[in-house]
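Below is one structure, written out as structure tokens; comments come after it.
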Amino acid sequence: MSAEFLPFARPVIDEETIAGVAAVLRSGWITSGPQVQRFEAALSAYCGGRPVRTLNSGTAALVLGLRLAGVGPGDEVVTTPLSWAATANAILEVGARPVFVDVDPRTRNIDLDRVSASIAPRTRAVMPVYLAGLPVDLDRLYGLASQAGLRVVEDAAQAFGASWRGTRVGARGDLVAFSFHANKNITTAEGGCLVVPDDATARRAEKLRLQGVTRSGEDGMDVDLVGYKFNLTDVAARIGLGQLARLDEFTARRRELARHYFAHFDERLGCELPVADFEQSNWHMFQIVLPLERLRIGRGEFMARMRAAGIGTGVHYPAIHLFTLYRGLGWKEGDFPNAERIGRGIVTLPLHAAMERADVERVCAAAAGILREALR
Numbered sequence: 013m014s015a016e017f018l019p020f021a022r023p024v025i026d027e028e029t030i031a032g033v034a035a036v037l038r039s040g041w042i043t044s045g046p047q048v049q050r051f052e053a054a055l056s057a058y059c060g061g062r063p064v065r066t067l068n069s070g071t072a073a074l075v076l077g078l079r080l081a082g083v084g085p086g087d088e089v090v091t092t093p094l095s096w097a098a099t100a101n102a103i104l105e106v107g108a109r110p111v112f113v114d115v116d117p118r119t120r121n122i123d124l125d126r127v128s129a130s131i132a133p134r135t136r137a138v139m140p141v142y143l144a145g146l147p148v149d150l151d152r153l154y155g156l157a158s159q160a161g162l163r164v165v166e167d168a169a170q171a172f173g174a175s176w177r178g179t180r181v182g183a184r185g186d187l188v189a190f191s192f193h194a195n196k197n198i199t200t201a202e203g204g205c206l207v208v209p210d211d212a213t214a215r216r217a218e219k220l221r222l223q224g225v226t227r228s229g230e231d232g233m234d235v236d237l238v239g240y241k242f243n244l245t246d247v248a249a250r251i252g253l254g255q256l257a258r259l260d261e262f263t264a265r266r267r268e269l270a271r272h273y274f275a276h277f278d279e280r281l282g283c284e285l286p287v288a289d290f291e292q293s294n295w296h297m298f299q300i301v302l303p304l305e306r307l308r309i310g311r312g313e314f315m316a317r318m319r320a321a322g323i324g325t326g327v328h329y330p331a332i333h334l335f336t337l338y339r340g341l342g343w344k345e346g347d348f349p350n351a352e353r354i355g356r357g358i359v360t361l362p363l364h365a366a367m368e369r370a371d372v373e374r375v376c377a378a379a380a381g382i383l384r385e386a387l388r
């Protein structure tokens, strides 16, 4: 009998959470309400008491973060080309232009050594991305931003549960956007949140996430800015409460499995492995970069063969500036060599809290067999 198919990501939802969701559905209050308030309070406590506002996606959190930072038409935002398209799309959504900076080939995050040279008179903010849950050097990042008078909108979509020098991501800084998508370390099925620096900003975030509405008294209502329909539901918030209670457990499990990958992945195959950081990264993903120049097959064929072996993989991510939309805005092949090379060869291997060590060994053995056969 063949082994059960192993996806690269799978949420772990316990029975208590499922029962809690059923109770929310029976309550009749399924959109934003008491569960959202509970979830926001719990998230705020996790983030050191900073105000948190939940949203219906991590993308919404990025858009709101940019709006709150005052980014708009004609402005520029320095960011990385190696991320999910939402990072740059959010910048376009508010009328600004992304200014891409190549990545550090080791960490795969934005190369902070290159950021200063990309700051121009129209630059309003910096938006770093913590690929696979590995933060950038936050001390250097905020030092650069402070020196240039820039806001920081952290795309920490993949970094919930990560830390920098002992401080949780989200517990410091300016505006920090998290995602709770189904493949994240904790999930609300779909959803996200934005950590903001003060209560005044939190109140503005509340207006922006629900059509710019301000209510007063029993029947008072006003709209003084253009907002969105970005609110989270109570159903999603109840899932999030159950997930947040298990975050430490999930993070510890992911770190254990990542260590097992390093112990069993055959480095002689020539793949580039991620940075072995078991203190700060939350190990949202375990990604290798294939040595395509040494292989007789491409990434797609490698992934197809892994699927045939009962193992799911993913691509996170192609370089954003090479998508048709961004080529149309002037970017081209060769602009950011590190991001392009990594984007061509990166493969996400299975890593989630439902896995066992034997699953890691199975993945490593399958990858090794395929790559050895494919080597030139």
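Residue numbering for the sequence shown follows our numbering, starting at 13 and increasing by one per position.
Backbone N, C-alpha and C define an ideal beta-carbon position, used for all residues, glycine too.
Subject >> M233, enclosing beta strand (DSSP E) - first and last residue >> reply: Here residue 233 is taken as the residue at index 221 of the sequence shown, counted from 1. Unbroken beta strand (DSSP E) run through M233: G232 to V235.
Subject >> Spatial neighbours of R307 in its chain, beta-carbon cut-off 6 Å, leaving aside the 5 residues before and after >> reply: Here residue 307 corresponds to residue number 295 of the sequence shown, with the count starting at 1. Strictly speaking, residue 307 in this sequence is Leu, with Arg absent from that position. Excluding residues within five positions, the ones whose Cβ falls inside 6 Å are A386.
Original post:
Does the beta-carbon distance from A137 to R118 come in below 8 Å?
Top reply: Taking the first residue of the sequence shown as position 1, residue 137 is located at position 125. Taking the first residue of the sequence shown as position 1, residue 118 is located at position 106. No, Cβ-Cβ distance for A137 and R118 is not below 8 Å.
Original post:
Quick check: the segment 317-335 against the segment 228-243, are there 3 or more CB pairs under 8 Å?
Top reply: no
Subject >> Cutoff 8 Å; reference L256; Cβ partners in own chain excluding five residues on either side >> reply: If you number the sequence shown from 1, residue 256 lands on position 244. F51, A54, L55, Y58 and I198, listed in sequence order.
Subject >> Exposure of M13, with buried meaning 16 or more beta-carbon neighbours within 10 Å >> reply: The count along the sequence shown starts at 1 and reaches residue 13 at position 1. Residue placement at M13 is flagged as unreliable, the pLDDT there being 36, under the threshold of 50; the coordinate-derived value follows with that caveat. It counts as exposed.
Original post:
Are there three or more Cβ pairs, one per stretch, closer than 8 Å when the segment 200-214 is compared with the segment 259-266?
Top reply: With fewer than three CB-CB distances shorter than 8 Å, the segment 200-214 does not count as touching the segment 259-266.
Subject >> the segment 82-97 / the segment 134-151 touching (three or more Cβ pairs under 8 Å) >> reply: yes
Subject >> Through-space distance from T325 to G32, alpha-carbon basis >> reply: Your numbering for residue 32 matches position 20 in the sequence shown. Your numbering for residue 325 matches position 313 in the sequence shown. In a straight line, the C-alpha of G32 is about 32 Å away from that of T325.
Subject >> Whole-Å CB distance - L269 paired with L361, under 8 Å assumed >> reply: For this step, residue 269 is matched to residue 257 along the sequence shown. For this step, residue 361 is matched to residue 349 along the sequence shown. Wrong, their Cβ atoms sit about 10 Å apart, outside the cutoff.
**OP:** Specify, as a first and last residue, the run of the beta strand (DSSP E) that P110 falls within.
**Re:** Translated into the one-based positions of the sequence shown, residue 110 becomes position 98. Counting along the chain, the beta strand (DSSP E) containing P110 begins and ends at R109 to F112.
Original post:
Can you tell which of Y154, N243 and Y273 has its C-alpha closest to the C-alpha of Q49?
Top reply: Working through the sequence shown from its first residue, we reach residue 49 at position 37. Checked all of Y154, N243 and Y273; the closest Cα to Q49 is N243.
**OP:** For Q292, I'd like the list of residues in its chain whose CB is within less than 8 Å of its CB, leaving aside the five on either flank, ordered along the chain.
**Re:** Counted from its first residue, the sequence shown places residue 292 at position 280. Around Q292: L146, P147, A174, S175, W176 and R177.
**OP:** May I ask you to report which of helix, strand or coil DSSP gives L162?
**Re:** Residue 162 sits at position 150 when you count from the first residue of the sequence shown. Correct three-state label for L162: coil.
Original post:
Is it right to say G254 is buried, meaning 16 or more other beta carbons lie within 10 angstroms of its own, or is it exposed?
Top reply: Residue mapping note: residue 254 aligns to position 242 of the sequence shown, counting from 1. Result: buried.
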